[in-house]
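> In our numbering, the protein residues as written are 3 to 101. Can you read through this structure? Questions will come right after.
Set out below in structure tokens:
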């Protein structure tokens, strides 16, 4: 189960996500839809613990994502819109022993 309670993220004076409450039961399929700037990416980044919330909590299977980051990441999958590769994983870098 994914849960958010009062999940908020601010960057200075900008509120990217404002007091989100969310309940997603096991087995449910969901998507986040909204206009640019609605907080979709921020919500995902908070659940993945890529950024810390300003306030509120995000939990996955009852575990707080900020306290149990590695364990909660084992329960979710994320496919970003664009994928970038590490510059050191090119064939010349790999064969040169840099990586």
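Quick reminder that beta carbons are idealized off the backbone N, C-alpha and C, glycines included.
Just to confirm, is the Cβ distance from residue 40 to residue 22 under 8 Å?
By 1-based counting over the chain shown, the position of residue 40 is 38. By 1-based counting over the chain shown, the position of residue 22 is 20. No, they are not a contact pair.
> How about the region 51–68 and the region 11–19: do they share at least three Cβ pairs that are nearer than 8 Å?
The region 51–68, when compared against the region 11–19, does touch it at the 8 Å Cβ threshold.
> Could you tell me if residue 51 is buried or exposed, where buried requires 16 or more neighbouring beta carbons within 10 angstroms of its beta carbon?
As a first step, residue 51 is located in the chain shown; it is residue number 49 there, counting from the start. Its Cβ being crowded by 16 or more others within 10 Å, residue 51 is buried.
> Starting from residue 5, trace the alpha helix (DSSP H) both ways and give me its first and last residue.
Against the chain shown, residue 5 aligns to sequence position 3. No alpha helix (DSSP H) contains residue 5, which is instead part of the beta strand (DSSP E) from 4–13.
> What does a CB cutoff of less than 7 Å around residue 44 pick up in its chain, not counting 5 residues either side in sequence?
As a position in the chain shown, residue 44 is number 42, starting the count at 1. Within the same chain, residue 44 has close Cβ partners 11, 18 and 19.
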